[in-house]
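Inspection log for the structure reproduced underneath, given as structure tokens.
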């Protein structure tokens with residue numbers, strides 16, 4: 002009979018193989034989005050399907066089940082240290098989830114997902130929700146079936162909670178609803194104050210045309226500033242261009258993308274800071290944990306807290322721009338020579354309710370997310386059906402944001418998530434913002450002079466703080482436990498609301 | 002019991018999986034050479050090792066053996082058409098070879114290969130053959146063990162033939178020796194005539210500095226000229242930059258690389274034409290055969306015949322440059338405005354014996370290859386040992402090319418092939434050139450006006466001829482059979498020698 006050590010090590014070897022395979026698929030996906038010749042798409046879907054099949058077989062390998070049993074039945078099991086127990090726990094969780102879903106459901110869902118996304122693209126282009134509807138109904142039905150099954154394994158209160166748990170472990174829709182209700186009230190109040198203020202930004206200066214080559218060089222400066230190395234001989238990252246920016250990779254090879262628009266310089270600036278924030282997290286996971294289950298992010302919400310921290314708390318602060326505006330002016334010749342710091346910072350912090358989530362400002366953004374969460378929750382509890390989606394959507398946009406949605410393409414069909422079957426994903430975006438507010442308070446305690454140091458171009462102390470408090474813990478804790486460990490309290494919406502209130506009161510003078 | 006059809010289809014599904022996996026590994030290798038952040042190398046070697054392991058397990062899957070038995074034992078086997086029989090034959094061949102080698106030998110060879118390449122890099126950098134020697138001895142010993150085992154399966158006359166067969170099926174060292182002896186005599190005679198001629202090129206014009214951006218645009222023009230699409234919305238290729246140019250990919254996604262030197266414009270021009278010739282082959286395999294064993298190249302020699310045909314027979318012809326020199330002049334401003342066609346064409350066809358194979362001209366090139374073949378042959382027959390390599394190498398360079406090799410880094414250690422265990426690979430380079438000469442004669446019969454049409458910028462009729470006669474046959478025939486089918490005779494060195502004699506007699510006036 003194997004010793005506990007031997008079984009544990011075998012189990013970690015199995016986990017390593019899955020991780021390496023997933024990191025391979027990540028590169029193949031990155032290539033598809035950035036470099037692949039257009040004609041290669043059919044071959045690429047074969048390649049990705051094969052990798053996903055191999056990955057699924059590896060993760061549901063019966064030997065993993067046997068090893069898990071051997072380990073938990075072993076008399077010394079309780080003596081395992083916290084790290085080893087967490088690794089075993091994470092593998093068990095994935096194994097039980099993946100083996101609980103019948104092969105047929107997994108395959109059908111994968112197929113329906115592809116069909117729904119294809120239909121969504123066409124329906125969105127032709128503003129035709131009726132076309133999208135039947136495919137979304139089918140996919141949602143499959144996701145509900147999965148949710149019912151996963152609920153048993155995960156022991157969550159509702160099926161929706163079982164899906165949320167995929168992205169944000171051990172957070173329930175009930176917890177989220179309570180948090181989001183407070184957030185909603187707070188945000189609506191701030192928005193009203195901004196909108197009724199006499200001070201209003203002149204955002205036309207942000208539309209001045211800046212050559213793409215210049216924007217590329219600004220991206221590199223920003224990456225260098227935050228310590229995301231894309232240039233040196235030991236660089237572990239790179240910046241490419243795609244329609245929608247994203248981050249992908251693992252430890253020593255983490256890549257981001259951005260999109261350059263000649264007349265929207267800030268689009269690339271803030272996407273580089275946002276994705277750079279994600280990249281720093283992946284790159285600064287504990288190197289000793291590479292290939293282990295704990296050598297990964299804690300949750301999507303915590304991931305988003307890192308990107309929003311860098312993008313908004315740092316990147317849209319007056320302090321950062323008091324340092325970086327001169328650099329920007331120098332890089333852009335005479336384009337911004339007449340612009341003063343306060344006008345620029347007010348412009349990049351304009352608060353204005355809008356229809357499109359990905360274009361929303363910092364204050365209105367979470368309302369877009371809350372709307373989606375409330376709709377998902379109602380759908381999963383069968384309080385509404387897919388047929389009701391447009392009306393419910395449009396009413397909520399009217400109620401929370403005061404905007405009129407004129408067609409479903411800029412309404413309920415704007416995002417790809419539901420078309421891809423990702424129910425339970427949206428809430429993590431707002432949770433990330435909430436966490437970022439809590440982290441700010443914790444960081445201020447330890448680095449009270451962070452604003453002064455940012456203003457002279459120093460970011461490394463903040464980066465180190467994030468590494469020590471978030472990145473290096475990888476997936477050792479569930480998100481609420483990690484937030485509690487770092488901030489001294491569980492999820493709390495108040496710090497984020499206070500941060501927003503203080504910041505926008507100063508800008509808008511309320 | 003399964004029908005013959007069912008067994009055949011199952012076997013093809015197995016083959017498809019291996020092919021898709023290999024095409025995935027090709028993209029991962031391409032990424033490593035072109036885009037990967039430097040720090041990613043350790044993770045990448047884990048990813049590639051995993052893919053290679055999975056591929057090996059797939060290709061040696063016992064079920065393949067069972068299916069092969071079922072098919073060949075079936076009463077209708079003899080009624081299978083030629084295409085199906087070839088597919089079965091190719092799978093059987095690979096299966097028998099890969100299962101013949103013990104796991105231990107395969108793993109040890111992979112490890113020793115990595116060690117030998119690492120040592121070779123360092124030994125080459127420090128001109129230290131003694132450092133390289135023991136690792137090469139070990140690797141060569143492992144390759145000899147494999148050759149002995151493969152010889153039994155392949156029923157080749159000698160172990161060396163079993164290795165050659167990996168790259169050039171059904172060609173023996175005895176056949177190659179006979180062909181190469183005739184080639185050697187012919188080449189040495191042409192070289193002597195060129196060297197003693199009063200006409201000598203002025204190659205200094207080729208060192209004029211051309212900005213890299215301009216060279217990139219010339220590469221795109223050349224790709225467009227040969228019909229290698231890297232620009233349109235249905236493009237199936239792309240051009241990137243690496244130290245050593247290469248081609249990789251499969252059907253609809255075939256990529257080439259080149260290297261730009263400001264003062265060596267022709268380096269990128271001819272590497273783009275060379276790799277473009279390889280790419281056209283891969284892209285124009287019969288689309289109905291995608292994922293089948295016959296949907297691949299015939300041999301490395303035939304592959305090389307395509308690259309050398311485009312690079313040299315077309316790309317270094319006076320006809321091509323009478324069309325393309327004006328384009329080049331326009332693209333490069335005033336840089337070449339004083340250069341006339343004859344001086345330019347003579348310069349790019351300079352014949353001059355040298356020490357480095359990859360920099361050799363068209364006439365001396367095959368002598369470099371013949372030297373390597375003769376040495377491999379002697380090594381594999383134990384007529385010489387690794388200790389003798391430098392002396393034997395240097396003596397042959399003196400005898401055949403009249404050049405003095407001053408150190409082993411520019412002598413026996415210049416190439417990576419032996420360090421990578423690729424014994425039997427070199428001869429395919431010269432065979433490719435020989436095939437290209439035979440193909441030229443065959444093409445001239447059907448397209449007698451090809452030179453006139455190239456001179457007015459038309460390549461498509463040549464491309465179509467290559468597709469119909471070579472590309473679309475994929476791996477349906479062994480190389481000698483394919484050459485015989487297209488040219489009406491087996492491998493014959495005379496057409497290539499005649500082509501060279503005619504061409505260089507005109508340039509050098511002998």
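Chains as they are written, first to last, in this note's numbering: chain A, 2 to 511; chain B, 2 to 511.
Think of the CB as a built atom: it goes at the ideal place given N, C-alpha and C, for glycine as much as any other residue.
- The alpha carbon of residue 156(A) has as its nearest neighbour, out of 170(A), 144(A) and 143(A), the alpha carbon of 170(A).
- Within chain B, 38, 39 and 40 have C-beta atoms less than 7 Å from the C-beta of residue 236(A), given in sequence order.
- For residue 21(A), the C-beta contacts it makes with chain B under 7 Å involve 47, 48 and 51, in order along the chain.
- For residue 397(B), the CB contacts under 8 Å within the same chain, skipping 5 residues up- and downstream, are 372, 375 and 376 in chain order.
- Taking every protein chain shown into account, the CB of residue 164(A) has 16 or more other CB atoms within 10 angstroms, so this residue is buried.
- Counting along the chain, the unbroken alpha helix (DSSP H) around residue 484(A) starts and ends at 480 to 488.
- Between residue 13(A) and the set 37(A), 85(A), 269(A) and 147(A), the nearest pair of CA atoms involves 85(A).
- Per the coordinates, the alpha-carbon of residue 116(A) lies some 7 Å from the alpha-carbon of residue 136(A).
- The beta-carbon separation of residue 508(A) and residue 350(A), rounded to 6 Å, stays under the 8 Å limit for a contact.
- Around the beta carbon of residue 153(A), a 10 Å sphere encloses fewer than 16 other beta carbons of the protein chains shown; the residue is thus reported as exposed.
- Taking 7 Å as the threshold, the shortest C-beta distance from residue 44(B) to chain A falls below it.
- Less than 7 Å divides the Cβ of residue 75(A) from the Cβ of residue 5(A).
- Residue burial is scored here from C-beta neighbours: residue 258(A) has at least 16 other C-beta atoms within 10 angstroms and is therefore classed as buried.
- The C-beta distance from residue 302(A) to residue 485(A) rounds to 14 Å, too long to meet the 8 Å contact threshold.
- Around the beta carbon of residue 110(A), 16 or more other beta carbons lie within 10 angstroms, which makes this residue buried.
- By the neighbour-count criterion, in which a residue is buried when 16 or more other Cβ atoms sit within 10 angstroms of its Cβ, residue 471(B) is buried.
- For residue 249(B), the uninterrupted beta strand (DSSP E) segment begins and ends at 248 to 251.
- Taking the CA atoms as reference points, residue 437(A) sits about 53 Å from residue 279(B).
- Excluding its 5 nearest sequence neighbours in each direction, residue 402(A) has C-beta neighbours in its own chain below 7 Å: 354, 365 and 368, listed in chain order.
- In the pairwise beta carbon analysis, the segment 418 to 435 of chain B is classified as touching the segment 137 to 150 of chain B: at least three pairs are separated by under 8 Å.
- Within the segment 228 to 253 of chain B, 230, 231, 233, 234, 235, 236, 237, 238, 239, 241, 250, 251, 252 and 253 place their CB atoms closer than 9 Å to a CB of chain A, listed in sequence order.
- Boundaries of the beta strand (DSSP E) harbouring residue 254(A): 254 to 259, taken from the DSSP string.
- Residue pairing from DSSP places residue 238(B) in a beta bridge opposite 255(B).
- With at least 16 other beta carbons inside 10 angstroms of its own, residue 304(B) counts as buried.
- For the segment 4 to 28 of chain B, the residues whose beta carbon sits under 8 Å from a beta carbon of chain A are, in order, 18, 21, 22, 24, 25 and 28.
- Residues of the segment 55 to 84 of chain A that bring their beta carbon within less than 9 Å of a beta carbon in chain B comprise 55, in sequence order.
- In this structure, the beta-carbon distance from residue 451(A) to residue 463(A) falls below 7 Å.
- Scanning chain B for C-beta atoms nearer than 7 Å to the C-beta of residue 32(A) yields 28 and 32, reported in chain order.
- The segment 375 to 390 of chain A makes no contact with the segment 249 to 265 of chain A; the number of CB pairs closer than 8 Å stays below 3.
- Judged by pairs of C-beta atoms under 8 Å, the segment 486 to 500 of chain A touches the segment 182 to 190 of chain A, as three or more such pairs exist.
- Boundaries of the alpha helix (DSSP H) harbouring residue 283(B): 266 to 284, taken from the DSSP string.
- DSSP places residue 336(A) outside both helix and strand once states are collapsed to three, so it counts as coil.
- From the listed residues 276(A), 253(A) and 299(A), the smallest Cα separation to residue 260(A) is found for 276(A).
- One thing to note: residue 202(B) has its Cβ no nearer than 7 Å to the Cβ of residue 329(B).
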